[in-house]
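Enquirer: Structure below; questions to follow.
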Amino acid sequence: MTNWVYSFGGGKAEGSARDRDKLGGKGANLAEMARLGLPVPPGFTVATDVCRHFYANANALPDGLEREVTQALETLERQTGREFGGAGKPLLVSVRSGSRESMPGMLDTVLNLGLNDKSVEALAKASGDATFAYDSYRRFIQMYAGVVLGLDHSVFEDIIDSVKQESGATRDGELTADHWRTVIDGYKAAVIDELDEEFPQDATEQLWGAIRAVLKSWMNPRALTFRALHNIPEGWGTAVTVQSMVFGNRGEGSATGVVFTRDPASGEDCLYGEFLPNAQGEDIVAGLRTPHPLSKAQASSGDAVSMEDAMPVTFQELKDVAKRLENHYREMQDIEFTIEAGKLWLLQTRDGKRSARAAIRIAVSMAEKGLISKTEALRRIDPASLEQLLHPAISPDVERIVIGRGLPASPGAATGEIVFTSEEAVEAHGAGRKTILVRPETSPEDIHGMHASEGILTIHGGTTSHAAVVARGMGKPCISGAGAVRINAEKGTMLAGGRTLHAGEVITIDGTKGEVLLGALPMVQPELSGDFGKLMEWADGIRRMKVRANAETPEDALTAREFGAEGLGLCRTERMFNDDEKLRAVREFILADGGAARDGALADMQAMQEADFLELFEIMRGMPVTIRLFDPPLHEFLPRPGREMEHAAEAMGIDVERIRQRAEELHEINPMLGNRGVRLAICYPEVIEMQARAIFEAVMKAGEKTGKKVVPEIMVPLVAYERELKFIKDRIDVIAKAVMEKWGTEIQYLVGTMIELPRAAIRADKIAESADFFSFGTNDLTQSTFGISRDDAGLYLNEYLRKGVIDRDPFITIDVEGVGEFVQMAAERGQRTRPDITLGICGEHGGDPASIHFCETVGLHYVSCSPYRVPVARLAAAQATLANGTDERA
Ligand code: PEP
Ligand code: MG
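Using our numbering, you'd call the opening residue of the sequence shown number 109 and step up by one each time.
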């Protein structure tokens, strides 16, 4: 019985696409393709259980594995009619990793395994091409020595370079079998030099070395970083797929390539990809040779010959296979293929990585064609990825000084300082500076730098090179293959468009067009209609929760409406005092000794607030607007000691000593736990009375101006005692009555509270007696539940994340077991007192997809988040409804 090893090939397979967990994505899909009767080189997959066993047992392999591998090899020999390590017709294999989720380039691979001093001669004879055979052998030694024996590849490059120099060759392709023999002798000697042992000649020994190396690569630093960034659990492990080799480097009529069944940047329904004649797959991935386009349509812009032109029959075959696979998986595929002497072989298929824009276009078009349902289309889009579509692109009507061109590898535009190394990118990011990472090509070692930069520009490589694939996954703009740009790493300069640019100078890259531009350019908002609009419409038709935005400026409110917000869930009134004149009024209020000066300052503040509220009400046209009364401690409005304080004193015509003294009186050791929120309102009720008056006056005026009735929702922050809320509500009611009398009209309004302290959650039933609504302030609720400072926690939470003490930052994704428990408790208790109480969330979690799922399960009525997150929240809320089974149509 098979425990560890699963064979595939010849129209049959043990396992199928459903077995990703066991066989990894690659192994599962190879099995599936074999079952479909597609041309897959036969092989077998060592299951992920082996990897788990390996790490649980101090790198020991499980009993029985050796026997199963031997049997699978025998089957493979029978299927191919070749002999592993034999001197007749040698069987060569590739040994590849395969995780459940693809981790491009992170794990190790060995190709051409099975070659040795004897089998290489046999290969030369069987293929009739000695150059090919010896080139394959030297590739194998080089790869095996790097991956399995741990030798630095520069040793080998020096050897090739010296042979090239002696022979006068400039390219690898000019070297003959004899040259390669010399190179191989050099390689083998280098192995002895470095390791004091011979390069292994026994194919079985080679195979076990490679299997172990692939298993070990699961824990290499690149893989660890990648998994941390993509939330891939360590416990998944990698499978190891051993597959008979086919060769794309057997001269004319041979090639290797990658094809996407749709354009991964735009999502257009057309074959898209690259191929390299007479090459092995690694040549494309490494980005060292610039590949040719696949189709005529792709080739139209350049002078390279497409595969469609060069190999029309195989191209058609590939096209048919691609369509078949896409229809079978009902998903865009990314397929690796090799053509050996005119015969097409498929080496891998997987769901293709794509830009957010392409993902939407593909999902919408598949749903419209009936290939998938609309709900499936909604499920397929990662809500967080929508944010990249909402970010600005270069303004169309500005002058662009193009200093370089390359392939449009990942869409969007970004501006930043030039950096030439990933380390510099990380350092600049830490200092809050934006960068563009400029590299000859990227490798998995650059993942940190790519993450830290705004965009990536590479000199080599195609649209499926490492830089392109990773940047698309990260949603960052990328240009690859900008061949005319020259980097001088030593001097820290690059030559582009006839200019020498130094590290630190600013450029802009347009990843949609593939243009490198001089300087920083103005950006514009993206188009939100078309497929994006359709998807949002479908989401809106499904979701149960409403989506509001946190906004207090007219610009943010307008953006929020544009992005589909259904109201404002949090208007932080203290942020409305950001400009100098407004700040001055607040400072006058704080510094006044009482009497007329204080009243005057309050009157000024009221006029300012009223004008601001009126503008917001006008923009929101009758939608709910939640206005939160003053929250932060007063001293935050005073200037900082030193120059700032002196300037302020001068501007206000008062003595600087007066400000200093007042600042001292207001000083608190722990201001976040201090006199803020409702406490401030109780100490200075005149402030919230002023705010209430401004709100009601603005309501009346907005109603008159727009003809739309405004029902303001007045929200009290940081309530803990039920009597605090009652105290404030009574005052608001008095002001409301006065304004109504003045205008001779009724005003409808709601008074509610934030639930952002544990006591409030516990006493929610009592608090609900004075509250029309609760809005969960999960920023403060997280801070107060954990007793950690939201402003400083980053320092140690990162350490917690790194050391696996926590899986998620609780300020980003709600801590369901702790903070979530308070939310649930307060929701239930509040509803017990007041079944029709409105429940919402306005902490940062309101825009986080995982937290939105939690809000759905608690039954909140709305989430409120920053304007740019509104579309994210609309989609996440729809997915939450679907996941929670709250939608009957699903
Ligand atoms: C909160 O605490 O979650 C909240 C929304 O209020 P603020 O962030 O303004 O304290
Ligand atoms: Mg708060």
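Just so it is clear, CB atoms sit at the ideal spot from N, CA and C, and this is done for glycine as well.
For His568, count the other beta carbons within 10 Å of its own beta carbon; 16 or more makes it buried, fewer makes it exposed. Which is it?
Expert: As a first step, residue 568 is located in the sequence shown; it is residue number 460 there, counting from the start. That one is buried.
Enquirer: Would the beta-carbon of Ala647 fall within 7 Å of that of Ala673?
Expert: On the sequence shown, position 539 is the one that residue 647 refers to. On the sequence shown, position 565 is the one that residue 673 refers to. Contact: no.
Enquirer: Mind listing, in chain order, the continuous alpha helix (DSSP H) runs of no fewer than 4 residues lying wholly within the region 698-774?
Expert: Those alpha helix (DSSP H) runs which fall completely within the region 698-774 and span 4+ residues are 703-728, 751-760, 764-774.
Enquirer: Return the residue from the list Val350, Asp391, Gly993, Leu983 that minimises the CA-CA distance to Glu176.
Expert: Against the sequence shown, residue 176 aligns to sequence position 68. Of Val350, Asp391, Gly993, Leu983, the residue nearest in Cα terms is Val350.
Enquirer: What's the call for Tyr904, buried or exposed, on a 16-neighbour Cβ count within 10 Å?
Expert: Start at 1 with the first residue of the sequence shown, and residue 904 comes out as number 796. Exposed.
Enquirer: Where in the region 809-885 do unbroken runs of the beta strand (DSSP E), each at least 3 residues long, occur, reported from the N-terminal end onward?
Expert: With a minimum length of 3 residues, the continuous beta strand (DSSP E) runs that stay inside the region 809-885 are 820-824, 858-863, 881-884.
Enquirer: In this structure, how does DSSP classify Thr346 when only helix, strand and coil are distinguished?
Expert: Residue numbering aside, residue 346 sits at position 238 when the sequence shown is read from its first letter. The answer is coil: DSSP assigns Thr346 none of H, G, I, E or B.
Enquirer: Should Gly926 be listed as close to the ligand MG, given that the test is whether its C-beta is under 6 Å from any heavy atom?
Expert: Here the question's residue 926 lines up with position 818 in the sequence shown. It does not: the Cβ of Gly926 is nowhere closer than 6 Å to a heavy atom of the ligand MG.
Enquirer: Name the DSSP beta bridge partners of Ile443, please?
Expert: Position 335 of the sequence shown, counted from the first residue, corresponds to residue 443. The partner list for Ile443 (beta bridge, DSSP) reads Val367, Thr457.
Enquirer: From Ser115 to Asp129, what does the alpha carbon distance come to, in whole angstroms?
Expert: Counting from one through the sequence shown, the residue named residue 115 turns up at place 7. Counting from one through the sequence shown, the residue named residue 129 turns up at place 21. Rounded to whole angstroms, Ser115 to Asp129 spans 16 Å at the Cα level.
Enquirer: The ligand PEP and Cys950: does the residue's C-beta get closer than 6 Å to at least one heavy atom of that ligand?
Expert: As a working note, residue 950 is residue 842 in the sequence shown. Flag set: Cβ of Cys950 near the ligand PEP.
Enquirer: Assuming contact is defined by CB atoms lying nearer than 7 Å, are Thr890 and Phe919 in contact in what I supplied?
Expert: For the purposes of this step, residue 890 is taken as the residue at position 782 of the sequence shown. For the purposes of this step, residue 919 is taken as the residue at position 811 of the sequence shown. Yes, the Cβ-Cβ distance between Thr890 and Phe919 is below 7 Å.
Enquirer: Please tell me whether Val506 and Leu629 are closer than 7 Å, where the distance is taken between their beta carbons.
Expert: The sequence position of residue 506 within the sequence shown is 398, counting from 1. The sequence position of residue 629 within the sequence shown is 521, counting from 1. Their beta carbons are under 7 Å apart, which means Val506 touches Leu629 by this criterion.
Enquirer: Closer than 6 Å by C-beta to His1008: which residues in its own chain qualify, once you throw out the five before and the five after it? Chain order, please.
Expert: The question about residue 1008 has no answer, for the chain in this structure spans 109 to 998.
Enquirer: Return yes when at least one heavy atom of the ligand PEP lies under 6 Å from the C-beta of Asp664, else no.
Expert: For this step, residue 664 is matched to residue 556 along the sequence shown. No, the Cβ of Asp664 stays beyond 6 Å of every heavy atom of the ligand PEP.
Enquirer: Is there at least one non-hydrogen atom of the ligand MG closer than 6 Å to the beta-carbon of Gly955?
Expert: Along the sequence shown, one-based indexing puts residue 955 at 847. No, since every heavy atom of the ligand MG falls outside the 6 Å radius drawn around the Cβ of Gly955.
Enquirer: Could you tell me how far apart the beta carbons of Ala331 and Leu215 are, in whole angstroms, since I believe they sit closer than 8 Å?
Expert: The sequence position of residue 331 within the sequence shown is 223, counting from 1. The sequence position of residue 215 within the sequence shown is 107, counting from 1. Between Leu215 and Ala331 the Cβ distance is about 6 Å, and since that is below 8 Å, they are a contact.
Enquirer: Have a look at Thr346 and Gly782 and give me their C-alpha separation to the nearest angstrom.
Expert: Here residue 346 refers to the residue found at position 238 when the sequence shown is read from its first residue. Here residue 782 refers to the residue found at position 674 when the sequence shown is read from its first residue. Their Cα atoms are separated by approximately 52 Å.
Enquirer: For Glu999 and Lys817, what's the separation of their Cα atoms in angstroms?
Expert: Nothing can be reported for residue 999: it is not among the residues displayed for the chain, which extend from 109 to 998.
Enquirer: Going by beta carbon distance, what residues of the same chain come within less than 7 Å of Ala771, once the five residues before and after it are set aside?
Expert: Residue 771 sits at position 663 when you count from the first residue of the sequence shown. Result list for Ala771: His743, Leu746, in chain order.
Enquirer: Using only CA atoms, which one of Gly193, Arg208, Cys963 lies nearest to Leu221?
Expert: In the sequence shown, counting from the first residue as 1, residue 221 sits at position 113. When only C-alpha atoms are compared, the closest one is Gly193.
Enquirer: Keeping to the same chain, check which residues put their C-beta closer than 6 Å to that of Glu434; ignore five residues upstream and five downstream.
Expert: Taking the first residue of the sequence shown as 1, we reach residue 434 at position 326. Counting only Cβ-Cβ distances below 6 Å, and skipping sequence neighbours, we find Thr369, Gln441.
Enquirer: Starting from Lys427, trace the alpha helix (DSSP H) both ways and give me its first and last residue.
Expert: For the purposes of this step, residue 427 is identified with residue 319 of the sequence shown, where counting begins at 1. Residues 420-437.
Enquirer: Considering only residues of the same chain and omitting the five flanking positions on each side of Ala871, which have a CB-CB separation below 7 Å?
Expert: In the sequence shown, the residue the question calls residue 871 occupies position 763. As written in the sequence, residue 871 is Arg, which differs from the Ala given in the question. Excluding sequence neighbours, Arg871 sits near Glu830.
Enquirer: How many whole angstroms separate the CB atoms of Ala709 and Ala700, which I take to be in contact at a CB cut-off of 8 Å?
Expert: Translated into the one-based positions of the sequence shown, residue 709 becomes position 601. Translated into the one-based positions of the sequence shown, residue 700 becomes position 592. Yes, they are in contact, since the Cβ atoms of Ala709 and Ala700 sit about 6 Å apart, within 8 Å.
Enquirer: Is Thr398 helix, strand or coil by DSSP?
Expert: Here residue 398 corresponds to residue number 290 of the sequence shown, with the count starting at 1. In the structure shown, Thr398 sits in coil (DSSP, three-state: anything other than H, G, I, E or B).
Enquirer: At the level of alpha carbons, what is the spacing between Arg999 and Ala757?
Expert: This structure cannot settle anything about residue 999, because the visible part of the chain is limited to 109 through 998.
Enquirer: Look at Val632 and Ser518 and say whether their C-beta atoms are less than 7 Å apart.
Expert: As a working mapping, residue 632 is identified with position 524 in the sequence shown. As a working mapping, residue 518 is identified with position 410 in the sequence shown. It is not a contact, given that the beta carbons lie outside the stated cut-off.
Enquirer: Quick one: measure Cβ to Cβ for Thr156 and Trp344, integer angstroms, because I've assumed they're closer than 8 Å.
Expert: Looking up residue 156 in the sequence shown gives position 48. Looking up residue 344 in the sequence shown gives position 236. With a Cβ gap of about 6 Å, Thr156 and Trp344 count as contacting.
Enquirer: Quick one, which of Gln714, Gly389, Glu360, Glu598 has its alpha-carbon nearest Ser202's?
Expert: Along the sequence shown, read from residue 1 onward, the residue named residue 202 stands at position 94. Answer by Cα proximity: Gly389.
Enquirer: Hey, which residues come within less than 7 Å of the ligand MG, measuring from Cβ to any heavy atom, in chain order?
Expert: That gives Asp739, Pro825, Leu826, Met862, Glu864, Gly885, Asn887, Asp888.
Enquirer: On the DSSP bridge list, what partners appear for Phe192?
Expert: In the sequence shown, residue 192 corresponds to position 84, counting from 1. Looking at the DSSP assignment, Phe192 forms a beta bridge with Leu199.
Enquirer: Tell me the residue span of the beta strand (DSSP E) that contains Val978.
Expert: Position 870 of the sequence shown, counted from the start, is the residue given in the question as residue 978. From DSSP, Val978 is part of no beta strand (DSSP E) but of the alpha helix (DSSP H) over 978-992.
Enquirer: So if DSSP puts Leu603 in a beta bridge, which residue, or which two residues, is it bridged to?
Expert: Taking the sequence shown and counting its residues from 1, the one referred to as residue 603 is at position 495. Paired residues: Arg594, Thr608.
Enquirer: Using 10 angstroms around the beta-carbon of Ala471, count the other beta-carbons present and answer buried if the total reaches 16, otherwise exposed.
Expert: Working through the sequence shown from its first residue, we reach residue 471 at position 363. By the neighbour-count rule (16 or more Cβ atoms within 10 Å), Ala471 is buried.
Enquirer: To the nearest angstrom, how far is it from the Cα of Gly524 to the Cα of Ala430?
Expert: Translated into positions along the sequence shown, residue 524 becomes position 416. Translated into positions along the sequence shown, residue 430 becomes position 322. Cα to Cα, Gly524 sits roughly 39 Å from Ala430.
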